[in-house]
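First comes the structure, then the notes that go with it.
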Amino acid sequence: MKHPGTAVRGVPVGRQRDWMPVTTRAVPTVWLATVDGLVCLDLVAIELAVNGHRQGWTLTSHEAAYAADLMFQRGVQHSVIAKRVGVSGTTIRRWFPTDDTPLNEAVARIRPRPSAEELAAARGERPVPRCGTYAGAQRHRRRREPLCEPCREAKRVADAYYREHGTYVGAPESAA
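Take any residue in the sequence shown, note its place counting from 1, add 844, and you have its number in this note's numbering.
Structure below.
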């Protein structure tokens, strides 16, 4: 017997008999209402993950929960679900403490993936100075780059503040 989700020669992907359908080609995305607001789900990515074709890319946390819920409803084993959606078994158990946990209860347990700035702050790293600030202008100088216009304006305002107050601390970021 062939492993479920493997391609059958001569049959297009998505048309195998053991394929779990999630979407139609007419509706590749859908908006899901959560306690945090609306989230967009890519149903094509979910369908590929549910059927074992997720390789080299990840689902968002809400897409992973939706895919896990679909597989729970079809009686797929927990270890298979965890592997296909790309999360640990512990995460699956946290989302779905019992096998009959509905998706709307599971969504309340999902935390979105942190941004790059949040990860840097968690590691104790300083945030990258953004353009349009005196710190951004200093970053350009350290990297021996020409100043962009927002940084040039921010440096001009900060220098005027320094001449008046004797410190850059508390200087406005720009004139605008």
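Every residue gets a Cβ at the ideal spot worked out from N, C-alpha and C, and that includes glycine. This structure is a prediction, so every number in the text was calculated from the model and none was measured.
Check your understanding: If we count the other Cβ atoms within 10 Å of its Cβ and call it buried at 16 or more, is Glu969 buried or exposed?
Key -> Counted from its first residue, the sequence shown places residue 969 at position 125. Looking at its Cβ environment, which holds fewer than 16 other Cβ atoms inside 10 Å, Glu969 is exposed.
Check your understanding: Apart from the five residues on each side of it in sequence, which residues of its chain come closer than 8 Å, Cβ to Cβ, to Lys999?
Key -> In the sequence shown, the residue the question calls residue 999 occupies position 155. Excluding residues within five positions, the ones whose Cβ falls inside 8 Å are Tyr978, Ala981 and Leu991.
Check your understanding: Quick one, which of Gly976, Glu1008 and Asp913 has its alpha-carbon nearest Glu993's?
Key -> Sequence index remark: in the sequence shown, residue 993 carries index 149 (1-based). When only C-alpha atoms are compared, the closest one is Gly976.
**Study point:** Nearest-angstrom beta carbon gap, Ser923 and Gly933 [assumed within contact, 8 Å]
**Key:** The sequence position of residue 933 within the sequence shown is 89, counting from 1. The sequence position of residue 923 within the sequence shown is 79, counting from 1. Contact holds; Cβ gap of about 7 Å.
**Study point:** Rounded straight-line distance, which links the Cα of Ala1004 to that of Arg928
**Key:** Looking up residue 928 in the sequence shown gives position 84. Looking up residue 1004 in the sequence shown gives position 160. Answer to the nearest angstrom: the Cα atoms are 58 Å apart.
Practice item. Taking only the alpha-carbon atoms, compute the straight-line gap between Gly1014 and Arg1007 and give it to the nearest angstrom. Key: Walking along the sequence shown from the start, residue 1014 turns up at place 170. Walking along the sequence shown from the start, residue 1007 turns up at place 163. Spanning the two alpha carbons is a distance of roughly 13 Å.
Check your understanding: Between the Cα of Glu997 and the Cα atoms of His984, Glu1017, Ser905 and Tyr1012, which residue gives the shortest distance?
Key -> Position 153 of the sequence shown holds residue 997. When only C-alpha atoms are compared, the closest one is Glu1017.
Review point. To the nearest angstrom, how far is it from the Cα of Glu961 to the Cα of Pro971?
Key: For this step, residue 961 is matched to residue 117 along the sequence shown. For this step, residue 971 is matched to residue 127 along the sequence shown. Rounded to whole angstroms, Glu961 to Pro971 spans 6 Å at the Cα level.
Practice item. Kindly identify the DSSP beta-bridge partner or partners of Asp913. Key: The count along the sequence shown starts at 1 and reaches residue 913 at position 69. For Asp913, which the question treats as bridged, DSSP gives no partner whatsoever.
Review point. Are Gln874 and Leu892 closer than 8 Å when you measure CB to CB?
Key: Here residue 874 refers to the residue found at position 30 when the sequence shown is read from its first residue. Here residue 892 refers to the residue found at position 48 when the sequence shown is read from its first residue. Rather than Gln, the amino acid found at residue 874 in this sequence is Val. Going by C-beta atoms, Val874 is not nearer than 8 Å to Leu892.
**Study point:** In chain order, each beta strand (DSSP E) run of at least 3 residues that lies wholly inside the stretch 927-1005
**Key:** none
Point to revise | Unbroken beta strand (DSSP E) run spanning Ala1015, endpoints | key: As a working note, residue 1015 is residue 171 in the sequence shown. Neither: Ala1015 is in no beta strand (DSSP E) and is coded neither H nor E.
Exercise for review: Can you give me the Cβ contacts of Met845 inside the same chain, cut-off strictly under 7 Å, excluding the 5 residues immediately before and after it?
Suggested key: Position 1 of the sequence shown holds residue 845. With a pLDDT of 43 at Met845, under the threshold of 50, the modelled position of that residue is not reliable, and no figure is offered here.
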